[in-house]
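Colleague:
Numbering (UniProt numbering), first residue to last: 1 to 310.
#1: Take every Cβ of the region 4–18, pair it with every Cβ of the region 38–52, and state whether three or more of those distances are shorter than 8 Å.
#2: Which runs of the beta strand (DSSP E) at least 3 residues long sit entirely within the region 37–120? Give them in chain order.
#3: Would you call the region 270–290 and the region 69–78 in contact, with 3 or more CB pairs under 8 Å?
#4: How about residue 42 and residue 86: are their beta carbons less than 7 Å apart?
#5: Among all the DSSP beta bridges, which residues are the ones paired with residue 146?
#6: If you run the structure through DSSP and keep just helix, strand and coil, what is residue 154?
#7: Rounded C-beta distance between residue 131 and residue 122? I'm assuming under 8 Å.
#8: Is residue 62 near the ligand ATP, in the sense that its beta carbon is under 6 Å from a heavy atom of that ligand?
#9: Could you pull out every residue in the same chain whose Cβ sits closer than 6 Å to the Cβ of residue 108, ignoring the five residues on either side in sequence?
#10: Taking the alpha-carbon of residue 295 as reference, which of 74, 277, 143, 307 has the nearest alpha-carbon?
#11: Should residue 156 and residue 182 be called a contact, given that it needs their Cβ atoms to be closer than 7 Å?
#12: Considering only DSSP beta bridges, list what residue 273 is partnered with.
#13: Thinking C-beta only, is residue 301 closer than 7 Å to residue 273?
#14: If you measure between the beta carbons of residue 70 and residue 39, is that distance less than 7 Å?
#15: Anyone know if the C-beta pair for residue 147 and residue 137 falls short of 7 Å?
#16: Buried or exposed: residue 24, going by 16 or more other Cβ atoms within 10 Å of its Cβ?
#17: Find the nearest neighbour of residue 176 within the set 104, 89, 113, 92, judged by alpha-carbon distance.
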């Protein structure tokens with residue numbers, strides 16, 4: 001699984017440097033090193049107060065590149081204390097990047113088609129302009145050319161602003177595809193490796209509060225059967241330590257099978273979507289199914305995906 005971490009890490013480093021601000025790149029570099037951090041620890045590494053850090057991280061959280069979970073803990077004196085944990089969900093990151101690249105290319109292709117549709121013809125003698133649709137009705141059967149209905153001069157294709165916009169849009173599309181081609185290659189590499197099933201957005205307490213653990217006996221980060229064990233840094237003072245992990249899908253469902261969140265997740269997994277016109281449950285959709293989906297089917301899939309990852 002170390003290969004998955006290395007491949008996704010390289011993808012994250014590329015996209016944050018291409019599409020985000022420098023401080024976002026610093027945040028993600030820190031998270032790629034630790035994978036899971038308390039809000040206070042991450043803010044401290046950024047040399048900021050937690051409220052200042054949250055203002056910088058809101059974009060990453062909204063785009064689901066950086067995931068978070070809020071945990072509640074009851075202290076010995078009865079006080080309830082909440083702690084925010086930041087972590088990286090590799091599956092979510094991969095799917096979000098795929099969707100972003102897909103929507104970017106769709107917007108540019110749509111703009112190219114619109115520019116093609118606005119291209120028209122004009123009469124060099126009269127100076128009157130005609131749309132492509134109108135010009136078709138002026139086709140001369142004698143020489144099969146478009147003729148001006150007023151002076152019978154041959155209509156010529158306009159090379160004005162529309163053509164310039166078309167060339168600009170085409171150049172932008174080519175440049176964008178050249179720049180994102182390494183991202184597409186990385187996504188294909190990640191798909192070929194395979195992504196481990198894991199609980200999306202659920203952080204589970206691995207040890208009771210105050211219990212200690214021998215670091216030498218702790219398994220390595222990506223070799224654990226539950227994907228990862230993480231130890232929160234110990235801070236001076238009475239603050240107690242808790243070890244957390246990203247659990248497997250099976251473990252998280254067993255842990256919270258009676259909660260409302262579990263029921264909502266089960267409904268999302270069982271929701272019927274369409275794959276090439278055929279109904280299929282959300283939880284049964286594979287990577288091959290995503291590749292064959294139509295544009296509308298993939299947009300609906302991603303809507304359910306985002307609802308499932310709230």
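Cβ coordinates follow ideal geometry from the N, Cα and C atoms, glycine included.
Modeller: In brief:
#1: No: the two stretches stay apart, fewer than three of their Cβ pairs being nearer than 8 Å.
#2: Those beta strand (DSSP E) runs which fall completely within the region 37–120 and span 3+ residues are 67–74, 80–87.
#3: No, because fewer than three Cβ pairs between the region 270–290 and the region 69–78 fall closer than 8 Å, the two stretches do not touch.
#4: Their beta carbons are under 7 Å apart, which means residue 42 touches residue 86 by this criterion.
#5: The partner list for residue 146 (beta bridge, DSSP) reads 139.
#6: Strand.
#7: About 10 Å separates the two Cβ atoms, so there is no contact after all.
#8: No copy of the ligand ATP appears in this structure; indeed no ligand is present at all.
#9: The answer, listed in chain order, is 173.
#10: Checking every option, the nearest Cα to that of residue 295 belongs to 277.
#11: Taking 7 Å as the Cβ cut-off, residue 156 and residue 182 do not qualify as a contacting pair.
#12: 280, per the DSSP bridge assignment.
#13: A contact, by the Cβ cut-off of 7 Å.
#14: Going by C-beta atoms, residue 70 is not nearer than 7 Å to residue 39.
#15: Contact flag unset, no.
#16: Label assigned to residue 24: buried.
#17: Of the listed residues, the one whose Cα sits closest to residue 176 is 104.
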